[in-house]
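Read the structure below first, then the notes.
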Amino acid sequence: MLTFAFGCAATLQPAPLDTAQDTGALTSRTDDSGHTIQTTTLDATDHEQWLYLDLSTGALQDATEPGWDLAVQRYTLALRGGLIGEGDVLAVSLGEADFDTLTEAPLSGYETDRPDEDGDGTDEYVLGDWYDYAPDTHVLTPAGVTYVVATPDGHHRLQILDYYNAAGTSGHPTIQWGAIDAPATE
Amino acid sequence: MMMLFSSVLLASGPSAEDEIIVTGTRTPKPRGDSPIPVEVIDHDDIEASGAEDLAELLEDHPGIDLQRGMLGASLRMQGLEPEHVLITVDGNRLIGRRDGTLDLSRLPISEIERIEIVKGASSALYGSDAMGGVINIVTRRTSEALRGDGRVRYGSFNTTDATAGLSARGWRLAGGWHRTDGYDLDRSTLTTNGPAGQGFEVSALGQESPGDNLTLGLQAQYTRRNPQRISALDSGAVFDTQNLTEEARLSVAPTLTPDSRTRLSGSAALSLFRDQYLSDQRGAADLDVYEDSRQRLAQLTAQADRLYGSHLASLGAEAMLEGYSSPRLSEDGSRQRLAVFAQDDWSPTGSLSVLPGLRLDADSQFGRQLSPKVAVKWSPTPTLQLRSSYGRGFRAPSFRELLLQFSNLGSGYQVTGNTDLTAERSHGLNLEAAWSPGERLQAHLSAYANLIDDLIAIDLVGDQIGVSTYSYVNIGEAWTRGGEASASVRAWEAELSAGYALTDTHDVESDRPLPGRARHRGTASATVPLPRFSSAVTSRGRLVGAEPYYTDSNGDGVDETILTAPYANIDLRAERDLTEGLTVLFGVNNLLDAGDPARQTIQPRQLYGGLSGTF
Numbered sequence: 000m001l002t003f004a005f006g007c008a009a010t011l012q013p014a015p016l017d018t019a020q021d022t023g024a025l026t027s028r029t030d031d032s033g034h035t036i037q038t039t040t041l042d043a044t045d046h047e048q049w050l051y052l053d054l055s056t057g058a059l060q061d062a063t064e065p066g067w068d069l070a071v072q073r074y075t076l077a078l079r080g081g082l083i084g085e086g087d088v089l090a091v092s093l094g095e096a097d098f099d100t101l102t103e104a105p106l107s108g109y110e111t112d113r114p115d116e117d118g119d120g121t122d123e124y125v126l127g128d129w130y131d132y133a134p135d136t137h138v139l140t141p142a143g144v145t146y147v148v149a150t151p152d153g154h155h156r157l158q159i160l161d162y163y164n165a166a167g168t169s170g171h172p173t174i175q176w177g178a179i180d181a182p183a184t185e
Numbered sequence: 000m001m002m003l004f005s006s007v008l009l010a011s012g013p014s015a016e017d018e019i020i021v022t023g024t025r026t027p028k029p030r031g032d033s034p035i036p037v038e039v040i041d042h043d044d045i046e047a048s049g050a051e052d053l054a055e056l057l058e059d060h061p062g063i064d065l066q067r068g069m070l071g072a073s074l075r076m077q078g079l080e081p082e083h084v085l086i087t088v089d090g091n092r093l094i095g096r097r098d099g100t101l102d103l104s105r106l107p108i109s110e111i112e113r114i115e116i117v118k119g120a121s122s123a124l125y126g127s128d129a130m131g132g133v134i135n136i137v138t139r140r141t142s143e144a145l146r147g148d149g150r151v152r153y154g155s156f157n158t159t160d161a162t163a164g165l166s167a168r169g170w171r172l173a174g175g176w177h178r179t180d181g182y183d184l185d186r187s188t189l190t191t192n193g194p195a196g197q198g199f200e201v202s203a204l205g206q207e208s209p210g211d212n213l214t215l216g217l218q219a220q221y222t223r224r225n226p227q228r229i230s231a232l233d234s235g236a237v238f239d240t241q242n243l244t245e246e247a248r249l250s251v252a253p254t255l256t257p258d259s260r261t262r263l264s265g266s267a268a269l270s271l272f273r274d275q276y277l278s279d280q281r282g283a284a285d286l287d288v289y290e291d292s293r294q295r296l297a298q299l300t301a302q303a304d305r306l307y308g309s310h311l312a313s314l315g316a317e318a319m320l321e322g323y324s325s326p327r328l329s330e331d332g333s334r335q336r337l338a339v340f341a342q343d344d345w346s347p348t349g350s351l352s353v354l355p356g357l358r359l360d361a362d363s364q365f366g367r368q369l370s371p372k373v374a375v376k377w378s379p380t381p382t383l384q385l386r387s388s389y390g391r392g393f394r395a396p397s398f399r400e401l402l403l404q405f406s407n408l409g410s411g412y413q414v415t416g417n418t419d420l421t422a423e424r425s426h427g428l429n430l431e432a433a434w435s436p437g438e439r440l441q442a443h444l445s446a447y448a449n450l451i452d453d454l455i456a457i458d459l460v461g462d463q464i465g466v467s468t469y470s471y472v473n474i475g476e477a478w479t480r481g482g483e484a485s486a487s488v489r490a491w492e493a494e495l496s497a498g499y500a501l502t503d504t505h506d507v508e509s510d511r512p513l514p515g516r517a518r519h520r521g522t523a524s525a526t527v528p529l530p531r532f533s534s535a536v537t538s539r540g541r542l543v544g545a546e547p548y549y550t551d552s553n554g555d556g557v558d559e560t561i562l563t564a565p566y567a568n569i570d571l572r573a574e575r576d577l578t579e580g581l582t583v584l585f586g587v588n589n590l591l592d593a594g595d596p597a598r599q600t601i602q603p604r605q606l607y608g609g610l611s612g613t614f
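As given, the protein sequences belong to chains Y and W, one line each in that order. With numbering that gives the first Met the number 0, letter number 83 in the first sequence gets 82, and the count goes up by one each step, no holes. With numbering that gives the first Met the number 0, letter number 421 in the second sequence gets 420, and the count goes up by one each step, no holes.
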């Protein structure tokens, strides 16, 4: 019978990797007002598993651990206690407010993630408008939105800077965040 | 007519109208007698073209629309897609299509005797895929005497081509080796346009006559190509891609002519194709892709032709076993097809011939297809021939369309096959007038219309942000129509020819022209021998009008139309005989340096020089 085992050429092999992977590293800087800003690129490429990020330490945790604030999967950032996990992390979107000069959290507007309300088939994530989507190239570009996330440990400003790692692979959000002052009460 | 089959065996140095061709009616026939118009690119044309592969050879032929892209070089005819043009070698189907595209740049031309082109629906003889037409590659003939030939050429982009062959006693051994650095039309990006690569081919063919009336054609051939390029995603990911293809073909073709009125012919052919594709992401392995795909095709054909008075009746049968294995498919594909065809080439008077034909294909996957055709040729005067034909065409769904299981989550989409697909169907109408008042002038005028239904199109079946799911469905409907005008003149020793093709297409669902078709295309060529200097100068070129493309670049859900800029591509070539059997040649391809990185990825200006010799 005819065989599929035809071919005399060698099997093609990818070149060995010679560049270090850039995910997982946490970098810190201090802004003009003395507040610390942390930046990390997460490997959130898995379509099933979530990553659980503790904003106070910048560490990734198990879902069962108490300290995490945000769950991340691909381009979705979920607040603890909204649609995932138990807890009461809230956030507010400040649109294109300047991230670097925001040092005091707003007083109001905080909410949590909710199931689909407008019938577009996607759930209502508070941190759901961080990107612009190009339908022809499927590329996600950060929209420059600044958020404030209120956790049991305090308030954090947060912004997503990129969705691709240095090698251009999607599912690698680069997030910068840092603790800021609590809202001044009236 | 009585001499039909014996004249076939004699065929030597005929004029254009007497040239024996096979593709129009699937029986050997002088070209002028064929009720179906057949265009021929003969061995001299191939030599003079300066082309190194089939794509380069065909791109300046009138009415052929050659496109270069990521999957290689493919062609359209009569405004129909590459998958609607059947490409055969000595009547056997070529395999190795990727995504419908058969990369013509991987097919060497040094072993081609001539190319026969039949435009318009021809499924009544050839079955699936012959909607826009058939291109039949006729392999080089062998010689009884000992003959050797060789050629080497070097040109810009470090391009080297070397071929050699040896013929004796009706057998021929040949081989070729090719390499190039490829080309890059935009140095500001990492990506490249024309692939670098190397490849070789070896072939053996022979003709044996074991009996008085029996000839046996035998062929074995192996081709390897490995084009490499750098590509990128909009996300910034950069890939080194390689596409290592291997193709082997084996065929045995017996022909028996028990008497001058009868011809029995057959063919058994086996084709194997392996395609290794590697896309190696730079700096990571997350998006690496490696695919090892294999295709196979076994074809058995038997045909009987017999003259009954003014009728030449043909009856044939074909069996095909087809297989495809690829990691992109949900399972290995395999199918069998049986076909019978019948045709009556009837010449009631010397100036009129009528040819009805019918073919029935029964396939294990898509079921039965009935493809009729009727052609009429009338010569009101000896110098004028009028031909018209109506035929149906169909294309079987490809294994990919049936069984694909592909996700590119890096780019955010997935595509799945559909096993419920049926064949695409078309109606084709062709009219031609050929006027040849003498050896010095020939002129052709033709018009065509095709109506295509049940076109298989990719349709969005599910959409989430970040992942869109597409599948294949028989939803498309389109028409193409147009015409061609061409003329060739021989003045003194020079040969000049020019052609024009008008292509008008319409995608019914989208209510717009089909993408990528230039409405106007022109071709021209001139060959001027300079016997005083033992030289000849050849120039050929094409003028391609604007091609429309559609893309939704601003995300408003409505496609914008992008029109490419018209361009002209001119090739020049000069050769000079140094001594008996040794020729030196120089040439420049794409003299005007046409092309752009976005839509017209044609090779920039290339200079070359070489030597060819025979003994």
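Idealized CB from N, CA, C, for every residue including glycine. On a predicted model such as this, the values are computed, not experimentally measured, just so you know.
Gln241, Leu243, Glu245, Ala247: these are the residues of the segment 241-260 of chain W whose beta carbon lies less than 8 Å from some beta carbon of chain Y, given in chain order. Taking 8 Å as the cut-off, the Cβ atoms of W/Thr190 and W/Ile229 count as close. Counting along the chain, no beta strand (DSSP E) covers Y/Glu85, and no H or E run does either. Rounded to the nearest angstrom, the Cβ distance from W/Arg223 to W/Gly198 is 5 Å, consistent with a contact under 8 Å. Listed in chain order, the beta strand (DSSP E) runs fully inside the segment 380-449 of chain W are 383-394, 404-407, 412-415, 423-437, counting runs of at least 3 residues. Spatial neighbours of W/Thr537 in its own chain (CB-CB distance under 6 Å, excluding positions within 5 residues in sequence) are listed in chain order as Ala47, Thr526, Arg572.
For the segment 136-151 of chain Y, the set of residues with a beta-carbon nearer than 7 Å to any beta-carbon of chain W comprises Thr136, His137, Val138, in chain order. In this structure, DSSP gives Y/Tyr162 a state outside helix and strand, which the three-state scheme calls coil. Only residues of its own chain outside the window of five on either side were considered, and among them Phe156, Asn157, Thr158, Ala195, Gly196 have a CB closer than 7 Å to the CB of W/Thr179, listed in chain order. Taking 8 Å as the cut-off between beta carbons, none of the residues of the segment 75-93 of chain Y comes near chain W. Around the beta carbon of W/Tyr307, a 10 Å sphere encloses fewer than 16 other beta carbons of the protein chains shown; the residue is thus reported as exposed.
With three or more CB-CB distances shorter than 8 Å, the segment 109-124 of chain Y counts as touching the segment 73-84 of chain Y. The criterion of a C-beta distance shorter than 8 Å is satisfied by W/Ala593 and W/Tyr566.
Put simply, of W/Ser406, W/Val472, W/Ser370 the residue whose alpha carbon is nearest the alpha carbon of W/Asp419 is W/Val472.
Within 7 Å of the CB of Y/Thr44, the CB atoms of chain W belong to Asp285, in sequence order along the chain.
For Y/Leu11, the closest Cβ of chain W is nearer than 8 Å.
Going by DSSP, W/His42 is part of the alpha helix (DSSP H) stretching over 42-48. Using a Cβ-Cβ cut-off of 8 Å, W/Ser234 counts as an interface residue toward chain Y, since at least one Cβ of chain Y sits closer than that to its own. For W/Asn568, the closest alpha carbon among the candidates W/Ala301, W/Thr578, W/Gln602 is that of W/Gln602.
Interface with chain Y (8 Å Cβ-Cβ cutoff): W/Val557 is excluded. The beta carbons of W/Ala123 and W/Gly390 sit closer together than 8 Å. Residues of chain Y whose Cβ lies closer than 8 Å to the Cβ of W/Val375 do not exist; the shortest such Cβ separation is about 42 Å. Contact with chain W is absent for Y/Gly118, since none of that chain's Cβ atoms lies less than 8 Å from the residue's Cβ. W/His83 carries a helical assignment under DSSP once its states are collapsed to helix, strand and coil. In terms of Cβ geometry, Y/Val71 and Y/Ser92 do not form a close pair [threshold 8 Å]. W/Leu93 carries a coil assignment under DSSP once its states are collapsed to helix, strand and coil. The Cβ of Y/Pro134 sits closer than 8 Å to at least one Cβ of chain W. Measuring C-alpha to C-alpha distances from W/Ala486 to each of W/Trp478, W/Ile457, W/Gln441, W/Arg520 identifies W/Gln441 as the nearest.
Per DSSP, W/Ser470 is one residue of the beta strand (DSSP E) stretching across 466-490.
For W/Ser266, there is no enclosing alpha helix (DSSP H); the enclosing beta strand (DSSP E) has its first and last residue at 261-280.
Of the candidates W/Thr162, W/Leu311, W/Leu286, W/Thr100, W/Thr162 places its Cα closest to the Cα of W/Gly609. Of the residues W/Gln605, W/Asp183, W/Gly149, W/Pro512, the one whose Cα lies closest to the Cα of W/Trp176 is W/Gly149. Taking 8 Å as the cut-off, the beta carbon of W/Leu255 is found closer than this to the beta carbon of W/Leu213. At a Cβ-Cβ threshold of 8 Å, W/Asp128 and W/Leu85 count as neighbours.
Of all alpha-carbon atoms in W/Leu606, W/Tyr499, W/Met130, W/Tyr447, the one lying nearest the alpha-carbon of W/Leu454 is that of W/Met130.
When the beta-carbon positions are compared, W/Asp274 and W/Gly95 come within less than 8 Å of each other.
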